[in-house]
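Here the structure is laid out as C-alpha cells; the discussion comes afterwards.
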Amino acid sequence: MEKVPHPIPYQGSKRLLAPAILKFFPGSPVRLIEPFAGAAAVSLKAAQRQKASNILLNDVNEPLMRLWELIINSPERIASAYEKLWNLQLGRERRYYDGVRERFNRGHAPEYLLYLLARCVKASVRYNADGEFNQSPDNRRKGMDPQTMRWHIEGASRLLKDRTLVSIGDYRHVLQKANPTDLVYMDPPYQGVSLNRDPRYIGLLNFDGFTATLNDLNERSISFIVSYDGRSGDKRYGKPMPENLGLVHIEIEAGPSSQATLLGRSHITYESLYLSPALVKRIGEVQNRHLTLTPKQISLLAQDAT
Ligand SMILES: C[S@@+](CC[C@H](N)C(=O)[O-])C[C@H]1O[C@@H](n2cnc3c(N)ncnc32)[C@H](O)[C@@H]1O
C-alpha cells in the first residue's frame, strides 16, 4: 500500500490508527470535518483513499494551522525553509534549537514550529503558563532529514490542495458548518493525559461542554466519529461517554502498553472510537466492534511511544 505523507511530527497523531478509523467512513466520498486537526492523520489517509472529497481542517493552535496553510499551498517555500534551518543547526544542534525556540516564541513563524516539532522530545507541543513553547530538544536526533521532509510536504500538498479549507479556533465554531451529508472526525485532547500536571495540548477540554456539543450534533443528525478514552488492561483512561448520546463504542486493540511491559506485566491497550447514531444509520449495523491492528502497526506504535 502506498505510504501516506505525514509532514508534521505530532505526539498523539492518529497516523497508525487511521486505516482502522476509515473502516467506519460511509462508502462514497464525504466532506470531512476535523475540528481538532493536529497533524491531520485521518484527513490525509481519507484523501489518499479517496474517501474525502472536501476537507475542513481546524485547530485552536494558530501557528500549527498557519503551518498547514503553508504545507498545502506553498510546499516549496516551507520545504526550503525547513531545509535551511536543518542545515544551519549542524554542529551546534543544542544551541541552535534554543535560538529557534526563542524566535518562535517571539513571532510564531510556522517554519520554526515545524523545526521544533521535528527536533523536540516526543514531538510534543508543550507550552508554559505564559504560552511559550518550552519543550526541550531530543538530543539523540537531528530531526527529519530535509529530503524526507520535502517528500512528506509535497505529498500532503498534492493530497489536500484544492479541496481543503483551514480554520483556526475553538472546535464548536467549525461544527456550526456541519450538515448531515458531512462526516466529522473528532480527536480532542485526551482527558487522561491533559488533566495531569504536564498537559500535552493547548487548552483543556471541558468534558460536559464537549458532550453537550455531541448532543447538539445528534439533534442535527450529524454523522461523527470521536476518538476518546481508552484502557490498558482493566485501567480506564478518561470518562466513558454518557449512555444517552446513543453512541456505538468500538475498541481497537493496539498491542501491549509500553508502561506495562516495562513493569514486566503485559497489559493490552485499547483505543476507543465512538460512532454517532446518524453515522450508524448511514453505514449500517456495525458487526465488528473490536478491531486489532496488524503486528507491524503495533510495533510501529510501540516505537512511537518511546
Ligand atoms: C489529540 S490532538 C489531535 C491529533 C490528530 N488527530 C492527529 O492525527 O495528529 C488534539 C488537538 O486538539 C487541539 N485542541 C485543543 N483544544 C481545542 C479546542 N478547544 N478547539 C479546537 N482544537 C483544540 C490541540 O491543539 C491538538 O492539536
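According to my numbering, the sequence shown holds residues 1282 to 1587 in order.
Every residue gets a Cβ at the ideal spot worked out from N, C-alpha and C, and that includes glycine.
Query                                                                                                                                 : Result
Ala1333: CB within 8 angstroms of a non-hydrogen atom of ligand 1                                                                     : no
Check whether Pro1288 and Leu1395 have beta carbons under 9 angstroms apart                                                           : yes
Thr1429 - containing alpha helix (DSSP H), residue span                                                                               : 1427 to 1441
C-alpha distance - Arg1481 paired with Gln1292, whole-angstrom precision                                                              : A caution first: Arg1481 carries a pLDDT of 41, below 50, which makes its placement in the model unreliable, though a value can still be read off. Distance between the alpha carbons of Arg1481 and Gln1292: 8 angstroms.
Inter-residue Cα distance where the pair is Gln1370 and Ser1405                                                                       : 20 angstroms
Lys1295 beta carbon near ligand 1 (any heavy atom closer than 8 angstroms)                                                            : yes
Cβ-Cβ distance between Phe1317 and Asn1339 below 9 angstroms                                                                          : yes
Any non-hydrogen atom of ligand 1 within 8 angstroms of Val1341 CB                                                                    : yes
Distance cut-off 8 angstroms: Gly1450 Cβ against heavy atoms of ligand 1                                                              : yes
Under 9 angstroms between C-beta atoms of Pro1286 and Leu1440                                                                         : yes
Sufficient close CB pairs (3 or more, under 8 angstroms) joining the stretch 1555 to 1575 to the stretch 1304 to 1311                 : yes
Member of Pro1469, Ile1359, Tyr1509, Arg1407 whose CA lies at the smallest distance from the CA of Glu1435                            : Ile1359
DSSP-derived helix/strand/coil call for Lys1516                                                                                       : strand
Spatial distance of Val1311 from Gly1511 (CA atoms)                                                                                   : 27 angstroms
Cβ contact (3+ pairs, closer than 8 angstroms) linking the stretch 1314 to 1329 and the stretch 1370 to 1385                          : no
DSSP three-state assignment for Ile1352, whether helix, strand or coil                                                                : helix
Bridge partners - Pro1316, DSSP secondary structure assignment                                                                        : DSSP lists no partner for Pro1316.
Nonlocal neighbours in the same chain, by C-beta distance under 8 angstroms from Asp1463, ignoring five residues either side          : Val1311, Arg1312, Leu1313, Ile1314, Ile1503, Ser1504
Leu1486 CB to nearest heavy atom of ligand 1 below 8 angstroms                                                                        : yes
Ligand 1 heavy atom lying under 8 angstroms from the CB of Asp1419                                                                    : no
Helix, strand or coil at Phe1414 [DSSP, three-state]                                                                                  : strand
Check whether Ala1559 and Asn1496 have beta carbons under 9 angstroms apart                                                           : no
Selection from Arg1387, Lys1332, Tyr1555, Lys1326 that minimises the alpha carbon distance to Glu1413                                 : Arg1387
Ligand 1 heavy atom lying under 8 angstroms from the CB of Glu1315                                                                    : yes
Contact test: Ser1553 Cβ vs ligand 1 heavy atom, cutoff 8 angstroms                                                                   : no
Gly1380 in three-state terms, based on DSSP                                                                                           : helix
Proximity below 9 angstroms, CB of Leu1532 to CB of Leu1572                                                                           : Looking at the sequence provided, one finds Glu at residue 1532 rather than Leu. Yes.
Contact belief for Ile1302 with Ala1437 at Cβ below 8 angstroms, rounded distance in angstroms                                        : Incorrect: roughly 18 angstroms between the Cβ atoms, too far for contact.
Residue closest to Trp1432, alpha-carbon to alpha-carbon, out of Leu1337, Pro1356, Arg1400                                            : Pro1356
Beta-carbon contacts of Arg1393 that lie in its chain and below 7 angstroms, excluding the five residues immediately before and after : Inspection of the sequence shows that residue 1393 is occupied by Tyr rather than by Arg. Excluding positions up to five away in sequence, the list reads Val1381, Arg1384, Phe1385.
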